[in-house]
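Everything on this sheet refers to the single structure shown next.
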Amino acid sequence: MTESPPRLRAGVECVAFSQRGLDGKPFRWNFVIDYRTGRRFAVSNLEAEIFAAVRRCGAEATPDRVRHEVRVGSGLTASDEAIEGLVASLSRLCLLAEPEESAEPLGPRQGTNDRETYESLQRDALSAFFERVVGEVPYYRDLLGDQEPPTSAGDLSRFPIMNKAALRAALPKLQPDWLTEEKHSVRFLSSSGSTDDRTQTLHLTDELSQPYSMGFSALGLNPATDEFTIAYLIPPICSGTECHMDMMLPYTRRVTPSGRLLYLNSFRDPSTVSDERVDAVLDELEGFAPSMLAFDAAYAAPVARRALATGRRLPSVKAIITSYGVSSSLHLDLLKKAFGVPVHDMYSMTEAGPIAGSCAEGAYHVFSPCLVEIVDEEGSPVAPGEVGRLLVTTLENKLTPLLRYETGDFARAAVDRCSCSLEHTDTFASLEGRISDAITDTRGGRVVARAVDTAVAADLVDGALQCYQLVQGADRGYRLLVVPGEAYDADVEAALADRLRGLLGGDAALAIESCRSLPPSTNGKYRLCYRER
Amino acid sequence: MEAVRSQFPLLKREIAGRPLVYFDNAATSPKPQPVIDAVIDYMARYSANIHRGKHTLSEEASDAYENSRSKVARFFNADRAEIAFVRGATEAIHLVAGGLKLRPDENVVGTILEHHSNILPWSSRCEFRAAPLGPDGLPDLEQAERLIDAKTRLLTVTHTSNVTGAVVPVRAWVDLARAHGSLILIDAAQAASHSDIDAQALGADFLVVSGHKLFAPTGIGVLIGRREALEELQPTPLGGGAVSLVRGDFSFEPRDLPWRLEAGTPHIAGAIGMGAAVDFLTEIGMGPIEQRNAELSRLLYERIGTLEGLTPLGSSAGVARAPILSLVEPTGTLTPDYLSRLLSDSYGVMTRGGHHCAHPYHEQAGVNGSLRLSLHFYNTEEEVEHTARALEQLLAMVVPRGP
Ligand SMILES: Cc1ncc(COP(=O)(O)O)c(C=O)c1O
């Protein structure tokens with residue numbers, strides 16, 4: 083808590099950019115710019131209001147007056163604790179007071195929050211969420227009406243978990259009462275996959291663009307400039323049936339109306355795509371010259387491989403964002419090598435929006451509109467460093483709000499706080515693979531996709547494998563299907579067999595089969611492992 | 006009704022926490038137990054090739070296969086020689102289109118209501134002219150007549166629309182063809198299980214039927230033809246089973262009808278299943294089925310066709326309709342695909358979203374796809390009500406009813 087009167091430092095400005103989002107809808111960015119040091123911070127609407135309030139109060143600023151001004155001026159609801167916390171952190175970042183001699187030099191990605199404030203905001207958001215959904219959403223009113231609100235994120239474990247089947251069955255009851263009373267602009271979204279996996283969810287159109295932009299922002303990838311352009315290379319399909327969804331898919335609308343997104347001409351099977359097709363993608367990339375790339379690593383791998391092999395120049399981008407599930411380090415390493423930039427993994431779900439993003443250290447930082455839990459079979463939190471089911475609670479989605487929603491993914495709980503500039507956020511160590519893809523070792527123990535990838539791909543000879551898939555047969559035998567690279571030989575094969583026996587058990591019945599192609603599954607995603615049923 | 010329903014194992018499956026509602030009969034029908042049993046019986050007890058071997062199993066299989074042909078012939082009041090087993094309506098139409106040796110300067114007159122399968126076999130070989138729809142939603146006979154000229158080889162029309170359920174008065178189309186000396190093909194893919202079709206009384210040159218929409222397995226159907234019309238077809242493809250002799254110079258003698266149209270080992274299990282399917286329908290009776298479907302159609306159009314927030318496609322109320330209804334949500338928030346997914350995932354109702362292989366129809370109607378509910382006699386009033394309520398709930402989410 084700061085008791086010293088907050089003052090704006092000379093040369094510090096808060097500016098708001100109204101910008102078209104990734105889908106062409108307007109939204110607001112707030113930036114605090116420290117002109118003296120050139121530092122720039124993306125700040126929330128609340129933080130921007132605090133700034134404005136301090137400015138309005140001028141020399142008369144006291145903590146009390148600032149709190150009052152924020153409430154009156156902004157209409158935002160925030161607890162005293164939260165406002166004070168933010169004031170304190172703004173101050174610590176030398177934005178409000180004269181910088182102390184001892185203050186560390188601050189990097190441009192430095193956030194403005196500290197852990198304490200983060201937790202206090204999270205508690206506020208959680209109790210507001212609970213009050214809202216119990217008050218206006220029939221599903222939660224019926225389910226939780228007589229329960230005490232959660233007091234903290236840790237307190238969520240006493241509430242029921244919602245799986246996809248429950249979401250499908252409850253969809254209409256998951257909408258707030260007011261939805262049917264007034265006119266709203268809404269959109270359905272549909273997740274990929276088939277029967278057991280897919281879902282339909284309803285969203286307010288306005289809420290759709292913001293979270294993704296915030297996701298990029300949280301990863302320090304939001305220069306509020308017009309040059310922010312993204313090229314996508316992702317699966318061209320999302321299920322085995324013909325698609326008439328109104329989504330922007332490759333082959334239909336290639337460049338979005340804003341001119342900022344390009345869907346590169348994708349292909350069905352990255353393991354057999356011809357050099358000509360890949361060259362066409364490289365031509366498109368060169369022509370569009372994006373500042374960011376959003377890739378499914380398995381689909382981008384042939385592009386990176388071809389560029390490396392032919393010495394072709396690639397556009398210089400700030401970063402690569404991957405998503406669409408656990409990528410093989412075979413492909414991630416290739417992308418890093420070819421493009422020479424960091425790869426951030428953006429973990430998002432159609433139902434929930436963006437959930438977390440991985441930082442330069444590799445940790446996953448949970449985006450603030452979400453709460454994440456990693457739990458065991460009983461729904462209790464796993465110990466640090468352990469793998470469990472990932473549940474998400476969406477604190478801000480007005481339509482289809484989700485409480486303890488079963489994502490269908492395994493994740494590993496963090497051991498330590500991350501040392502990057504997002505250290506104040508909730509984190510988890512890694513995504514470990516789809517629950518439905520997990521296989522078992524010879525003793526029946528669970529083996530997740532990430533473990534398979536570590537065994538197969540970590541520190542493998544460069545160019546030994548293009549891609550692979552480990553299949554557990556219905557009879558408990560295992561087959562490793564590989565599309566060999568130019569450096570594949572008997573030694574590599576022997577090493578792979580050894581590594582897999584180490585993972586699956588010395589007595590594992592294992593066959594390694596070289597294939598010319600390894601097509602993705604019907605929803606377009608690559609599975610590193612799965613079990614035949 | 007329960008007795009009939011209990012014969013469909015599919016209806017026991019639960020989706021979204023309730024026994025599923027199958028409203029996608031126009032795409033393919035569920036399979037009743039007697040059909041499943043007949044297929045399994047062939048595969049398990051007398052699986053053998055037909056017409057070739059002389060061993061016991063081959064005799065049994067040939068008997069069963071030909072016996073199915075007799076059943077199907079009786080079902081459509083046709084002669085055995087006039088029934089050729091094919092993969093389905095699409096293949097049947099190709100058999101005719103290929104067999105007529107159409108030339109590019111000739112034409113076939115059809116309608117805008119046709120399924121892609123009754124357009125492309127023609128348009129890929131010659132000119133295809135499509136008669137538009139009249140104000141009642143039926144293909145306009147007078148306009149069709151104007152499209153006929155000296156180069157018109159064949160007239161074709163669907164008996165029952167797979168999009169709007171409209172039942173076309175095909176008799177008049179047969180007469181029109183006769184009057185102009187052209188051949189006529191009736192696409193009975195949808196109609197075959199909905200209407201009591203008497204091939205002889207109808208007098209069309211060709212009738213095409215898909216077994217899988219008639220409670221038989223997929224991959225089987227029949228081309229029904231007037232004997233003289235079938236004789237005129239040049240058999241394509243040729244191969245084993247279609248010829249009685251191939252000489253040293255590779256000239257050949259085609260077999261008699263219908264076998265000359267069935268080159269290669271046919272889908273024996275499917276044909277046997279189709280025999281069981283027509284038995285199943287005969288047992289219930291096409292009369293009662295037609296009557297039941299008329300009731301369901303009325304209910305469907307009254308209860309769901311009038312829902313606020315949805316626009317039905319198709320014919321006016323005076324037109325006879327199979328219980329098939331296609332709808333669009335005009336604001337576009339609930340696209341046909343979303344409607345279909347939501348009905349399936351949240352309510353257990355299987356429907357179809359899309360163009361139903363009728364792009365030209367949707368284009369002239371000015372819509373990008375539709376949601377299709379297609380019922381059959383075993384569907385119930387409760388299922389219609391359940392679906393209506395589901396649609397009401399979904400619509401309420403996107404189209405508020407308040408002030
Ligand atoms: C009216 C109509 N004609 C032709 C067909 C094609 O039938 P099949 O796919 O069985 O060959 C269909 C099937 O949807 C149809 O509804």
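Protein chains in written order, with the working numbering: chain A, 83 to 615; chain B, 6 to 408. Note that beta-carbon positions come from the ideal geometry of N, C-alpha and C, so glycine has one too. From a predicted model like this one, the values you see are computed outputs, not experimental measurements.
Below-8 Å beta-carbon distance, residue i vs any chain E residue
| i | result |
| --- | --- |
| residue 274/A | Considering every chain present, this structure includes no chain E. Its protein chains are A and B. |
Any chain A beta carbon closer than 8 Å to residue i
| i | result |
| --- | --- |
| residue 399/B | yes |
| residue 351/B | yes |
| residue 388/B | no |
| residue 403/B | yes |
| residue 394/B | no |
CB contact check: residue i to chain B, cutoff 8 Å
| i | result |
| --- | --- |
| residue 254/A | yes |
| residue 609/A | no |
| residue 489/A | no |
| residue 283/A | no |
| residue 280/A | yes |
| residue 330/A | Per-residue confidence for residue 330/A stands at a pLDDT of 38, beneath the threshold of 50, marking its modelled position as unreliable; the derived number appears in the next sentence. False, the Cβ-Cβ gap to chain B never drops below 8 Å. |
| residue 605/A | no |
| residue 224/A | no |
Best match in the options for proximity to residue i [C-alpha to C-alpha]
| i | options | result |
| --- | --- | --- |
| residue 31/B | 133/B, 43/B, 25/B, 382/B | 382/B |
| residue 613/A | 561/A, 203/A, 565/A, 400/A | 561/A |
| residue 135/B | 156/B, 112/B, 265/B | 112/B |
| residue 288/A | 270/A, 279/A, 537/A | 270/A |
| residue 126/B | 149/B, 94/B, 137/B | 94/B |
| residue 520/A | 475/A, 147/A, 568/A, 471/A | 471/A |
| residue 232/A | 447/A, 395/A, 206/A, 96/A | 206/A |
| residue 389/B | 303/B, 73/B, 193/B, 241/B | 303/B |
| residue 429/A | 280/A, 505/A, 407/A | 407/A |
| residue 360/A | 138/A, 279/A, 394/A | 394/A |
| residue 451/A | 172/A, 113/A, 208/A, 130/A | 208/A |
| residue 559/A | 544/A, 592/A, 540/A, 529/A | 592/A |
| residue 388/A | 548/A, 370/A, 494/A | 548/A |
| residue 131/B | 102/B, 118/B, 152/B, 172/B | 102/B |
| residue 396/B | 314/B, 379/B, 104/B | 314/B |
| residue 360/B | 48/B, 351/B, 36/B, 370/B | 370/B |
Open item on the list: So if I threshold CB-CB distances at 7 Å, which residues from the segment 241-270 of chain A count as touching chain B?
Closed with: 250, 251, 253, 254, 257, 261, 262, 263, 264, 265, 268, 269, 270
Task: Residues, ordered as in the chain, of the segment 416-432 of chain A that lie near chain B by beta-carbon distance below 7 Å - done: none
Task: Residue ranges of each alpha helix (DSSP H) within the segment 414-473 of chain A, 4 or longer - done: none
Task: Against chain A: residues of the segment 15-38 of chain B by CB proximity under 7 Å - done: 21, 22
Task: the segment 318-350 of chain B: positions lying closer than 8 Å to chain A by Cβ - done: 337, 338, 339, 340, 341, 342, 343, 346, 347, 350
TODO: Run through the segment 45-94 of chain B for me and flag every whole beta strand (DSSP E) of 3 or more residues, listed as ranges in chain order.
DONE: 88-91
TODO: Can you check the segment 155-217 of chain B for any beta strand (DSSP E) of at least 3 residues that lies completely inside it and give the ranges in chain order?
DONE: 157-163, 188-192, 211-215
- [ ] Could I get the ranges of all uninterrupted alpha helix (DSSP H) runs contained in the segment 200-258 of chain A, with 4 residues as the minimum, in chain order?
- [x] 220-226, 246-252
Open item on the list: Runs of 3 residues minimum, wholly inside the segment 368-406 of chain B: which ones carry the beta strand (DSSP E) assignment?
Closed with: 375-379
Open item on the list: Report the start-end ranges of each beta strand (DSSP E) in the segment 224-277 of chain B that is 3 residues or longer and not cut off at the edges.
Closed with: 226-230, 248-251, 257-259
Open item on the list: Report the start-end ranges of each alpha helix (DSSP H) in the segment 514-545 of chain A that is 4 residues or longer and not cut off at the edges.
Closed with: 531-539
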